[in-house]
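Student:
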Amino acid sequence: MNTLNPMEKTMIALVVAFMCLIVIIPLLFFTSVAFSNSMEVNSFPKALFASSKVTVKIVPQDGGKYELLYDYGKGSGYESILTSARTSNFESHFRRQYGVSISGDDLFKDWEMTRTKGSMEFTYRKTPFLNFIQFFRVVPNAASGLRNSIVVSAYTILISLFFGSLGGYAIARYRFKGRDQINVALLIVRMFPTVGISVSMAVLLIKMGLFDSMLGLACIYSVPNIALTSWITSSIFVGISKEMEEASLIFGANSFQTFKNITLPLAFPALAASSMYSFLTAWNDTISALILTNKNQTLSLVVYKAIGTTSSGIQYAAAGSIVLILPALVFTFIIRKYIGQMWGGVKL
Amino acid sequence: MIHTISNRNRFRIPKKAVPYILLAPIFIYYIIFWLIPVLTNVKEVFTDFDGHFTLLGNFKFMAENELFKQSVRNTALFAFVSVILEYLVALLLAVVLNISFPGNRAMMFISMIPMAITPTATAILWKTGLMSDGWINTVLLNLHLVDKGFIYMNAEGLNAVGMLILIDAWTVTPSVMVILIAGLQGLQKDQKEAAYLFGATKLQIFRDVTIPTLRPSITTSIITRMIAAIQVWSISVMVLGYGKAPFLVERVAFYIEEIPGVETSSKLAYTYSFFTTVVVLIATIFYLRISERNARNQA
């Protein structure tokens, strides 16, 4: 640090700034899209931050009609968009195009004064998170997708923890014939591409009556995660001293109490970390869900399909993506110290 | 009390059997949910539509498929170029930034974000940018780098693969950098100092001390990355659509999603997924061999 000359310092500052910009700018624009209304999505150039307000110009017309004008910001000023006497037309226009959830009657009440004062500009506050609400309303299976994703993640965590921690305990605590071979086998299963089993898994799950079910899907997600859980927990079980468990037994605790009061609390960080890995596998996957489900889609699959069906409403897909990203982001950061170990034994 | 103890002893499981009993559930699980699907897949790949054995029939069928060659080329290109690009850039960044400076931790934190984003969400993120009125053109025009926005979505062939490689690089490179920095910080300082004392140059230290120390962590992480890169598909489909930049797993998804329920398409899905698995296994073994040989040569 002390040996750095000003040149080097400047260079490092530039590199850091450049890297952060490269990472942050796409994220900002993307978040902006998720909070944009249709007008902003179709406008160009794009804003780094989505606006929170919408301004329209209202011109009163004969027969109880109002004419609505909007400025696209392309320099051509206000353009006529809609002329109508019906409140419902404006209500749906405001919701769909401007991201403003307001009743048509309220709009007409506001515009009443243009009858006397002539055309005026009105500014409305965008309804916050309207794209998120719309995502669950408009995109097929979105709400059930979120529920399914949570369910399948829970199943995957339970299955992986149960099978994996048994294995981890056996590998850590016993020296037995074939131990090394089992370690190698677990590594192979962990690295094995899921796509290599998911097509034929469909046949198996149909036979078992688990096709298009979250339990069936969890069975395939657990394949790499059981091996991973064994691996993570075995390294922790090695560290928990056997003497402590024995002492607890001598002091009269039964094996269940010992497990509950001594072993489990000490092993908890490892169990939590492997649970989060299981969660991420189930939460982030799309290919297995595509192959093994039909009606019961997961959220990741719903977002994948949303891009094909609602090309006009990419802001809804973007909002859905943010719902998808947040839990994954939180869990990844919680387990980041394990990621380094996963990727080759470095501490983060 | 005594009675129960003796009772318990009578049913005691021999100690040697305990680990096998603990491992039995895993064993059974993997027979059902791993071995059976793997064997089913193998069986499907080596039988024809009438259920007769065929050694190469399905592979020929797959190879005649118009997008097969492209998908193999694209997958190889993507896996190879993206991994090399990401690791070189990340290594460079890691070496430059392997010092403590204000905001160090914040930068590390920011760098980890892209990798944590679900792949389907990453695809939508970049789709919003790559649209002709998207934010990438906005940035390029604002910086006056171009006079007119590009149309990215029509990219085909190698351009499309290149574009996907860049997206992947955005996702992966910062995290690899963080991992390499962590590896570098674990490096023994005295090793470096000793090398200095013996008159080694910075480059020599980098080659003979830094790289060998990092090798174990680089090896594991490159294999993990390579396996993931070979299985790329959702970004290609979501950004460009099916068939624009075909990949091996993209073909599996195509036959499952776009032509479901047809005998030929399920056969092709089996064959493609088998082929992908074999490619992953070969690539892993190949990489391990090379890195072992390099390690030996260095020693």
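Order-wise, the sequence lines are chains A and B. Residues in the first sequence are numbered from 6 upward in steps of one, following this note's numbering. Residues in the second sequence are numbered from 704 upward in steps of one, following this note's numbering. Don't be surprised by glycine CBs; every beta carbon is placed ideally from N, CA and C.
1) According to DSSP, is K182 of chain A part of a helix, a strand, or is it coil?
2) So which residues of chain A does S937 of chain B contact, with C-beta pairs closer than 8 Å?
3) Hey, does L828 of chain B have any beta-carbon neighbour from chain A nearer than 7 Å?
4) Can you tell me whether F127 of chain A is helix, strand or coil according to DSSP?
5) Have a look at the DSSP bridge pairing and note the partners of V61 of chain A.
6) Closer than 7 Å between beta carbons: that is the criterion. Which residues of the stretch 898-918 of chain B meet it against chain A?
7) Is the shortest distance between the beta-carbon of D836 of chain B and the beta-carbons of chain A less than 7 Å?
8) How big is the Cα-Cα spacing for E96 of chain A and S41 of chain A?
9) Name, going along the chain, the residues of the stretch 953-981 of chain B whose beta-carbon falls closer than 8 Å to a beta-carbon of chain A.
10) Which runs of the alpha helix (DSSP H) fall wholly inside the stretch 252-316 of chain A and span at least 4 residues, in chain order?
11) Could you give the DSSP three-state label for I993 of chain B: helix, strand or coil?
12) Does the beta carbon of S108 of chain A come closer than 7 Å to any beta carbon on chain B?
13) Go to Y321 of chain A, then tell me how far its alpha helix (DSSP H) extends in each direction, as first and last residue.
14) Is it true that the stretch 130-141 of chain A meets the stretch 154-170 of chain A, where meeting means three or more beta-carbon pairs spaced less than 8 Å apart?
15) Helix, strand or coil for T238 of chain A, going by three-state DSSP, please let me know.
16) Please check if any C-beta of chain B sits within less than 7 Å of the C-beta of G214 of chain A.
17) Check the DSSP bridge columns for Y75 of chain A and list the partner residues they point to.
18) In whole angstroms, give me the CA-to-CA distance for N845 of chain B and K14 of chain A.
19) Counting C-beta neighbours from all protein chains within 10 Å, is the total for T841 of chain B 16 or more, i.e. buried, or is it exposed?
20) Taking all protein chains shown into account, decide if S976 of chain B is buried (16 or more other Cβ within 10 angstroms of its Cβ) or exposed.
21) On the DSSP letters alone, give me the boundaries of the alpha helix (DSSP H) that Q66 of chain A sits inside.
22) Identify, in the order they occur along the chain, each residue of the same chain with its Cβ nearer than 6 Å to the Cβ of I930 of chain B, setting aside the five sequence neighbours on each side.
23) Quick one, which residues of the stretch 759-775 of chain B are near chain A if we go by CB-CB under 9 Å, in chain order?
24) Check the Cβ-Cβ distances between L725 of chain B and every residue of chain A, and say whether any is below 7 Å.
25) Quick one: list the residues of chain A neighbouring V983 of chain B, beta-carbon separation under 7 Å, in chain order.
26) Express the C-alpha separation of A294 of chain A and L331 of chain A in angstroms, rounding to a whole number.
27) So is Y899 of chain B buried or exposed if we call it buried at 16+ other beta carbons inside 10 Å?
28) Any idea which residues DSSP pairs T750 of chain B with across the strands?
29) On the criterion of 16 or more Cβ atoms from any shown chain inside 10 Å, does D67 of chain A qualify as buried, or is it exposed?
30) Take the Cβ of R91 of chain A as the centre, count every other Cβ of all protein chains shown within 10 Å, and call the residue buried at 16 or more, exposed below.
31) Could you tell me whether any Cβ in chain B is nearer than 7 Å to the Cβ of S305 of chain A?
32) Going along chain A, which residues have a C-beta under 9 Å from A856 of chain B?
33) Kindly say whether Y179 of chain A, judged by its beta-carbon, lies nearer than 7 Å to any beta-carbon of chain B.
34) At least one CB of chain B closer than 7 Å to the CB of F23 of chain A: is that the case?
35) Looking at the secondary structure, which residues open and close the alpha helix (DSSP H) in which T841 of chain B lies?
36) In this structure, what does DSSP give as the bridge partners for S205 of chain A?
Tutor: In short, the structure shows the following:
1) In the structure shown, K182 of chain A sits in coil (DSSP, three-state: anything other than H, G, I, E or B).
2) T291, I292, Y309
3) yes
4) strand
5) A:F127
6) none
7) yes
8) Taking the CA atoms as reference points, E96 of chain A sits about 18 Å from S41 of chain A.
9) V955, A956, I959, E960, S969, A972, Y973, S976, F977, T979, T980
10) The stretch 252-316 of chain A is shown to contain whole alpha helix (DSSP H) runs of 4 or more residues at 260-263, 269-289, 292-297, 304-314, in chain order.
11) helix
12) no
13) Here the alpha helix (DSSP H) through Y321 of chain A covers 319-339.
14) no
15) helix
16) Taking Cβ atoms only, chain B never reaches closer than 7 Å to G214 of chain A, which makes this a no.
17) A:E84, per the DSSP bridge assignment.
18) 28 Å
19) buried
20) The Cβ neighbour count for S976 of chain B, taken over all protein chains shown within 10 Å, is at least 16; the residue is labelled buried.
21) Taken as a continuous stretch (DSSP letters only), Q66 of chain A belongs to no alpha helix (DSSP H), as it is neither H nor E.
22) V983
23) none
24) yes
25) Residues of chain A with a Cβ closer than 7 Å to the Cβ of V983 of chain B are, in chain order, P198.
26) 20 Å
27) exposed
28) B:F756
29) exposed
30) exposed
31) yes
32) In the sequence as displayed, the identity of residue 856 of chain B is Met instead of Ala. Near M856 of chain B there are no residues of chain A at all, since even the closest Cβ is about 11 Å away, more than 9 Å.
33) Under the Cβ distance rule, Y179 of chain A counts among the residues neighbouring chain B, one pair being separated by less than 7 Å.
34) no
35) 838-845
36) Bridge partners of S205 of chain A: none, in fact.
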